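The working numbering puts the first residue of the sequence shown at 654, with every later residue one more than the last.
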Amino acid sequence: MESSENQWGSRLGFILATIGSAVGLGNIWRFSYVAYDNGGGAFLIPYFFALLTTGIPLLILEFSFGQKMRGSAPFSFTKVDEKWEWLGWWSTLVTFVLISYYSVIISWSFKYIYYAFSGAWGSNPEAFLYNTHLQLTSGIGELGGVNLSVLLIVLVVWLINFVIVYNGIEAGVEKASKIFMPILALLMLIIVVRGITLPGAVEGINKFLEPDFAALLNPGVWLAAYGQIFFTLSVCFGVMIAYGSYLSEDSDIVNNAFITALANCSFSFIVGIGVFGILGYMAAQTGQPIEEVVAQSIGLAFVAFPKAINMLPAFNTVLGVIFFVALGIAGISSSISMVEAVSAPVMDKFNLSRKKATTIVCGLGFIASILFTTGAGLYFLDIIDHYNMQFGVAVIGILEAVVIGWYYKAEVLRDFFNPISNFQVGRWWDIMIKYITPLFLTYMLIRSFVMELNQPYAGYPVSDLKIGWIAAAGVLIMSIILNLLPNRYDGLVKNET
Ligand code: PHE
Ligand code: NA
654 MESSENQWGS RLGFILATIG SAVGLGNIWR FSYVAYDNGG GAFLIPYFFA LLTTGIPLLI
714 LEFSFGQKMR GSAPFSFTKV DEKWEWLGWW STLVTFVLIS YYSVIISWSF KYIYYAFSGA
774 WGSNPEAFLY NTHLQLTSGI GELGGVNLSV LLIVLVVWLI NFVIVYNGIE AGVEKASKIF
834 MPILALLMLI IVVRGITLPG AVEGINKFLE PDFAALLNPG VWLAAYGQIF FTLSVCFGVM
894 IAYGSYLSED SDIVNNAFIT ALANCSFSFI VGIGVFGILG YMAAQTGQPI EEVVAQSIGL
954 AFVAFPKAIN MLPAFNTVLG VIFFVALGIA GISSSISMVE AVSAPVMDKF NLSRKKATTI
1014 VCGLGFIASI LFTTGAGLYF LDIIDHYNMQ FGVAVIGILE AVVIGWYYKA EVLRDFFNPI
1074 SNFQVGRWWD IMIKYITPLF LTYMLIRSFV MELNQPYAGY PVSDLKIGWI AAAGVLIMSI
1134 ILNLLPNRYD GLVKNET
């Protein structure tokens, strides 16, 4: 059982799975709107800075930490010291919360495949998204009904996740990634080539590539860049620790981490060029400035894209379908990594079989998703995501860097992964983990607290934002409780040396 259920079959399989996790809705839906909100080109410098100083160092850390400790995040932190187990649970539960709405966004992509076919969004995709598709209520106080057709597709998303993860690492996750990733690359290529060959595209692309040095002084842009890097690389979610634990003990780490990060970020970058090309085209067609082509950035993928599709001179339906199929595939290959990252700790801690653990996790996950299919679902999604990421993930990032950098010692981990890697990292890595990452993140966290105090997030009433704080605090408390529960780690048979 141990052989393929909890082990990668090949290096290529591992890399495709980590890229599958990394490349997701974050690269298409989130990256384009975060870049758009932060002035396009202004965003790229902080983005690459965060990638090099924090993203890649943490990716190396997580791969090697899982590989060395041979277990999921809670188990791996327990091996550093039992009192750190909760930190592993914290990232696990943050991920659980994340999949509960991530799977809903995937379901929208699936539904939009159908809309693209039928042309359902008509001449006003914006009104269509909010009124017809989401049936958005006036605010969080008005829950609205559950949208049954969306719920049904959410169930399908969960079933796909379930079947893949249930089948184990080699026969499930790895096999799925080997099918999904080449298809995704091809579909995106078609979209991007179409995007950049449209009249007016150049203006849009210039907007994306134009560096805006003044924006470097804006802490909000830096914050957004760090947030995007964590999200896009799937670090601090327990995902890459779990994936690392299924590597054989002498697998390369450093090279794999660089390949994953570069593949992910080039994907975002190329999609960004395609998306801004399309925005440029729309601006040229409507005579609006690029900044004003979409009113609400969160709807970029579900509003701007349908609008662009409407305007295209030819092949509208085909391109619409291709785009939403690509979005759906990117989403699923990421959500399976989240399901794995939540199921693995359940297997480890309670000594459950993979089949039992995935059944429990997917069952509970589906139930949690229901909230986001209501008429107020988008508000819940927006608010909970904000606190889950801004505070959950940021604090986890700081603690992970500190616990491993200072307590376990960065040097010790580096001495483990360097000898098995194709190329070695130097002392710079220790410096990033021990100093740069925790210091920058702490600064950023304080800045965002101050921003938050001065101006409630996205103009929501403070009473609405409470739900975000409650969710974030609830997750933290649950992790501590899980730490206190007796564990079955002793009975765990992991292929240890
Ligand atoms: N990296 C994925 C994306 O960009 C999202 C993700 C986050 C996946 C956390 C796993 C864990 O969409
Ligand atoms: Na990504």
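Heads up, the beta-carbon is just placed ideally off N, CA and C, and yes, glycines get one too.
Since the structure is predicted, the reported quantities are computational estimates derived from the model, not experimental observations.
Those residues, in chain order, that have a beta-carbon closer than 6 Å to some heavy atom of the ligand NA
Ala675, Val676, Gly677, Gly679, Asn680, Thr885, Asn917
What distance in whole Å lies between the Cβ atoms of Leu1052 and Ser717, which are believed to be in contact at a cut-off of 8 Å?
Not quite, the Cβ-Cβ distance comes to about 18 Å (not below 8 Å), so this is no contact.
Kindly list the residues whose CB is nearer than 7 Å to the CB of Thr913, restricted to its own chain and excluding five residues on each side of it in sequence; keep chain order.
Ile668, Thr671, Ile672, Ala675, Leu712
With DSSP run on the structure shown, which of helix, strand or coil describes Val888?
coil
DSSP puts Thr810 in a beta bridge; with which residues?
Checking the sequence shown, residue 810 turns out to be Val, not Thr. Val810 pairs with nothing; no bridge assigned.
Return the chain-ordered list of same chain residues with a C-beta closer than 6 Å to the C-beta of Gly1050, the five sequence neighbours on each side being excluded.
Cys889, Leu1094
The ligand ZN heavy atoms versus the CB of Met991: any closer than 7 Å?
This structure lacks the ligand ZN; its bound ligands are the ligand PHE and the ligand NA.
Using 10 angstroms around the beta-carbon of Gln720, count the other beta-carbons present and answer buried if the total reaches 16, otherwise exposed.
buried
Does DSSP classify Val999 as helix, strand or coil?
helix
Quick one, are the C-beta atoms of Thr1011 and Tyr819 less than 8 Å apart?
yes
Quick check: what's the CA-CA separation for Gly1030 versus Ile1036?
10 Å
Where Ala773 and Ala961 are concerned, what is the direct C-alpha to C-alpha distance, given to the nearest angstrom?
14 Å
Which of the three DSSP states is assigned to Thr1027 in this structure?
strand
Does DSSP put Val803 in a helix, a strand or coil?
helix
Candidates His786, Gly708, Val807, Thr785: which alpha carbon is nearest Ser756's?
Val807
Classify Glu945: buried if its beta carbon has 16 or more other beta carbons within 10 angstroms, exposed otherwise.
exposed
What residue does the alpha helix (DSSP H) around Val1103 start on, and which one ends it?
1090-1107
Which word fits Tyr767, buried or exposed, when buried means at least 16 other C-beta atoms lie within 10 angstroms of its C-beta?
exposed
How should Thr745 be labelled, buried or exposed, when 16 other C-beta atoms within 10 angstroms of its C-beta is the threshold for buried?
buried
In terms of residue numbering, what span does the alpha helix (DSSP H) encompassing Lys1008 cover?
1007-1022
According to DSSP, is Ser791 helix, strand or coil?
coil
Quick one: using the 10 Å Cβ neighbour count with 16 as the cut-off for buried, is Asp1038 buried or exposed?
buried
Below 7 Å CB to CB, which residues in the same chain sit around Phe955 once its five sequence neighbours on both sides are set aside?
Trp761, Tyr765, Leu782
Using 8 Å for Cβ pairs, my map puts Tyr934 next to Gly857. What's the rounded Cβ distance?
7 Å
Residues near Phe1069 by beta carbon distance below 8 Å, same chain, minus five either side:
Ser717, Lys721
Kindly indicate which three-state DSSP category Val1128 falls into: helix, strand or coil?
helix
Quick check: is any heavy atom of the ligand PHE less than 7 Å from the C-beta of Thr748?
yes
Exposed or buried, Ser771, counting other C-beta atoms within 10 Å across all chains shown (16 or more means buried)?
exposed
Beta carbon of Phe1019: closer than 7 Å to some heavy atom of the ligand PHE?
no
Examine the ligand PHE and report whether any of its heavy atoms sits within less than 7 Å of the Cβ of Leu751.
yes
Gln938 and Val687 look like a contact to me (Cβ under 8 Å); what is the Cβ gap, rounded to whole Å?
About 25 Å separates the two Cβ atoms, so there is no contact after all.
Best match in Asn680, Ile709, Arg723, Phe728 for proximity to Pro998 [C-alpha to C-alpha]:
Phe728
What is the rounded straight-line gap between the Cα of Tyr879 and the Cα of Gly666?
28 Å
Residue of Phe1003, Glu902, Phe833, Glu779 minimising C-alpha distance to Ser1074
Glu902
Three or more C-beta pairs under 8 Å: does that hold for the segment 799-817 against the segment 986-997?
yes
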